[in-house]
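Asker: Got a structure for you, written out below as structure tokens; questions coming shortly.
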DNA sequence: CGGCTGATGGACT
DNA sequence: GTCCATCAGCCGA
């Protein structure tokens with residue numbers, strides 16, 4: 001299935017109204033931009049993970065809505081940002097209808113616009129290809145934090161002293177060279193990692209995060 | 001480049 | 001208490 005054009009605002013709901021795995025795969029190659037204070041960082045998505053609702057043992061939504069995951073249960077086209085490991089923010093795009101709790105975790109990307117700002121935000125990055133080569137790295141390069149949880153794509157929201165606008169454009173011709181495999185850190189009772197090969201990445205792309213299965 | 005390990009705090013049982 | 005949808009720093013090659 002070819003990628004649909006996403007150059008309209010707000011996003012067409014039908015683009016998200018299908019299996020979260022198809023949405024995840026079609027997000028590969030898409031361009032996500034985040035603008036604050038007249039400065040924009042854009043990443044070309046190279047790695048994502050699909051997470052289902054209550055039926056998915058690896059999903060934050062598996063035990064129903066809480067204060068933390070509330071925005072996951074909103075309708076499609078919003079950003080779900082959560083805090084993990086005591087220091088990192090990670091960003092997802094909500095894909096399901098209201099109440100479902102499905103979303104796509106943005107795991108890695110290539111910075112294609114706003115390189116200077118991305119470098120400023122990630123001074124510890126060893127090279128430009130590491131600027132967004134991991135979920136927390138990507139969120140940091142884009143400037144996304146808990147302030148932006150629930151933000152609607154294509155919309156704007158007050159965030160601290162400034163504002164944030166997030167926009168998404170699909171790859172013009174789609175991505176054909178994609179691969180998939182087990183998600184990170186998803187195993188144990190209720191479903192092994194192998195049962196959910198819902199991690200997708202662009203084959204051979206140097207910005208894909210260095211994940212090794214246990 | 002790749003492997004190993006400590007850091008660090010909120011959510012949830 | 002325990003569990004994280006992780007990363008930076010350090011080391012060796």
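Numbering (the numbering used here), first residue to last: 1 to 214.
Backbone N, C-alpha and C define an ideal beta-carbon position, used for all residues, glycine too.
Note that the structure is a prediction, hence the values are computed from the model and not measured.
1. If you drop the 5 nearest sequence neighbours on each side, which residues of the same chain put their C-beta closer than 6 Å to that of residue 205?
2. On the three-state DSSP scale, how would you describe residue 224?
3. Excluding the 5 residues preceding and the 5 following residue 78 in the sequence, name in chain order all residues of the same chain whose CB lies nearer than 8 Å to its CB.
4. Residue 144 and residue 91 look like a contact to me (Cβ under 8 Å); what is the Cβ gap, rounded to whole Å?
5. I'd like to check one pair, residue 207 with residue 110: are the Cβ atoms closer than 8 Å?
6. Checking the sheet assignment: what are the DSSP bridge partners for residue 69?
7. Can you round the beta-carbon distance between residue 106 and residue 131 to whole angstroms, since I take them to be within the 8 Å contact cut?
8. Excluding five sequence neighbours on each side, which residues of the same chain lie with their C-beta closer than 7 Å to the C-beta of residue 108?
9. Which value, in whole angstroms, describes the spacing of the CA atoms of residue 74 and residue 125?
10. Let me check one thing: in DSSP terms, what residues is residue 199 bridge-paired to?
11. Between the stretch 31–39 and the stretch 47–61, can you find at least three pairs of beta-carbon atoms closer than 8 Å?
12. Under 6 Å Cβ to Cβ from residue 81, same chain only, skipping five residues before and after it: list those, please.
13. Leaving aside the five residues before and after residue 178 along the sequence, list all residues of the same chain whose C-beta is less than 8 Å from its C-beta, in chain order.
14. Is the Cβ-Cβ distance between residue 235 and residue 142 less than 8 Å?
Answerer: To lay it out plainly:
1. 46
2. Here the chain comprises residues numbered 1 to 214, so residue 224 is not present and cannot be evaluated.
3. 71, 93, 94, 150, 151, 152, 153
4. 5 Å
5. yes
6. Answer is none; residue 69 lacks a bridge partner.
7. That belief does not hold up - the Cβ atoms of residue 106 and residue 131 are roughly 14 Å apart, past 8 Å.
8. 46, 47, 132, 133, 134, 138, 207, 208, 209
9. 34 Å
10. 49, 181
11. no
12. 89, 91, 144, 146, 148, 149
13. 25, 28, 200, 201, 202, 203
14. This structure does not reach residue 235, given that the chain is present from 1 up to 214, and the question cannot be answered.
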